[in-house]
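Per numbering that gives the first Met the number 0, residue 0 is the first one in the sequence shown, and the count goes up by one each step. For each residue, glycine too, the CB sits at the ideal point set by N, CA and C. These numbers come from a predicted model, not from an experiment. Here the structure comes first, spelled out in structure tokens, and everything after it is commentary.
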Amino acid sequence: MKEFFFKILKSRIFDKKNFLKLLIRKNKAVEEKSYSLIHRLFYNDIISTVGFAYMEEGAQIFPHTDGLKKILTLMLYFPEENTPDHLYKNLGTTFWNSNEFGLKESDIKVKTFEDSEQFKKRNQISLNFPFKKKNVYGFIKSHKSWHSLEPIKVKKDFIRKNININLLLV
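This is the structure in structure tokens:
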């Protein structure tokens, strides 16, 4: 958090409430949110969460920018052994170069397959994280951190496995 503080602060420039919280209060890693008045006045509670994702052949995630509480996401992928690298070409997270504003849930207008296809026509891919073993990839959430998972097209019994580690401002 200390290493990326100014980048995180910059990413919240359009989220005035969280921008001021980060600027004024001291950040504190906690296991759960504290509701004491003194703590809430002087500290930001930063919680880390770990999620396991298993996605089958044909699955996809529409372009989105994540929730307001999310600060940072780290992703660790687990490709199957003995599968050729070319089959994993589009299995990493895809990032989009977009000027569309996506700060909070109500800003996100990509909710159907058709919306997703229209978004992809209006915008360009800027980066696709390789789906490689023993690599950790991460990004700071912002109003422009549009990302998705392209439809999985590997083989019938394929399962895409990864771990997501998130830092949340609660």
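Annotated as proximal: Leu75 and Ile162, with beta-carbon spacing under 9 Å. Rounded to the nearest whole angstrom, the C-alpha separation of Leu8 and Leu21 is 7 Å.
In the three-state DSSP reduction, Ile37 falls in the helix class (H, G or I).
The straight-line gap separating the alpha-carbon atoms of Lys155 and Ile12 is approximately 44 Å.
Under the three-state reduction of DSSP, Phe157 is assigned to coil, being neither helix nor strand.
Cβ neighbours of Phe100 within its own chain (closer than 6 Å, five residues either side excluded): Asp106 and His142. For Asp65, no alpha helix (DSSP H) encloses it, and the DSSP letter there is neither H nor E. Within the same chain, Asn122 and Trp145 come within 6 Å of Ser97 by CB-CB distance, once the 5 residues on both sides are set aside.
With a contact defined as Cβ atoms closer than 8 Å, Tyr42 and Lys160 miss out at about 36 Å.
From the listed residues Phe3, Leu19 and Glu55, the smallest Cα separation to Leu40 is found for Leu19. Ser125 and Asn26 have their C-alpha atoms spaced approximately 31 Å apart.
Counting the other CB atoms within 10 Å of its CB gives Phe118 a total of 16 or more, which places it among the buried residues.
Burial of Ser147 is indicated by the presence of at least 16 other C-beta atoms within 10 angstroms of its C-beta. Selection Glu104, Phe61 and Met0 evaluated against Ser47 yields Met0 as nearest (Cα-Cα).
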